[in-house]
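So for the sequence shown, our numbering puts the first residue at 18; every next one is plus one.
For glycine and all other residues, C-beta sits at the position ideal for the given N, C-alpha and C.
Predicted model, so just to flag it, every value in this text is computed and none were measured.
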Amino acid sequence: MAGGGFCRLPNGSVVVALTLTRPGGTGAEPGAPVRVLVHAANRARARTRLRNLGLRAVYLRGNAAPPTPDEVTAVLHHPDGLLGRGAPTADASGEGPQGHLTLQSGQELWHPIRALLGPAGHAGPARPAA
Numbered sequence: 018m019a020g021g022g023f024c025r026l027p028n029g030s031v032v033v034a035l036t037l038t039r040p041g042g043t044g045a046e047p048g049a050p051v052r053v054l055v056h057a058a059n060r061a062r063a064r065t066r067l068r069n070l071g072l073r074a075v076y077l078r079g080n081a082a083p084p085t086p087d088e089v090t091a092v093l094h095h096p097d098g099l100l101g102r103g104a105p106t107a108d109a110s111g112e113g114p115q116g117h118l119t120l121q122s123g124q125e126l127w128h129p130i131r132a133l134l135g136p137a138g139h140a141g142p143a144r145p146a147a
């Protein structure tokens, strides 16, 4: 279900934007669409960064929804290079999903990817202790 795209930056790195379903491990609306941004050296490494967080079934097919210039700016200014927020929805009330503060345009603010994954820090099942 991953819809998204990428853009190549002048220095050779890429910004990948994907629309995924919210991992079920979080308490806030599991299954709701989220927009995830990843800054990496290439598309394969961007996918690896998401897989390391437990998002296993992530594929980038095509370039139907590349990142906007605002999304590129947001991910480049974040130290981790991994951001996420609820997928934009049309809401006239000024509040986004879960009552988060939103911009005038009705979009939720960007959060570090760890905020989407919940307190465990990964989206996968609990790993047994070794």
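Close Cβ partners of residue i (< 8 Å) along its chain, the five nearest in sequence each way excluded
i	result
V51	T36, L37, T38, R39, G101, R102, G103, A104 and L133
Short Cβ contact (7 Å threshold) for residue i with residue j
i	j	result
V32	V92	yes
A82	G20	yes
S30	A58	yes
Assigned secondary structure, residue i (DSSP; H/G/I helix, E/B strand, else coil)
i	result
A63	helix
P83	coil
V75	coil
A104	coil
L126	coil
L133	helix
L70	coil
Proximal residues to residue i (C-beta, below 6 Å), its chain only, five neighbours per side dropped
i	result
N80	G22
L67	V75
H95	none
Rounded distance between the beta-carbons of residue j and residue i, thought under 8 Å
i	j	result
P84	L126	Actually they are not in contact, since the Cβ atoms of P84 and L126 sit about 16 Å apart, beyond 8 Å.
Spatial neighbours of residue i in its chain, beta-carbon cut-off 7 Å, leaving aside the 5 residues before and after
i	result
N69	none
V89	C24 and V32
Residue i burial status per 10 Å Cβ neighbour count (16 or more: buried)
i	result
L99	buried
R64	buried
H56	buried
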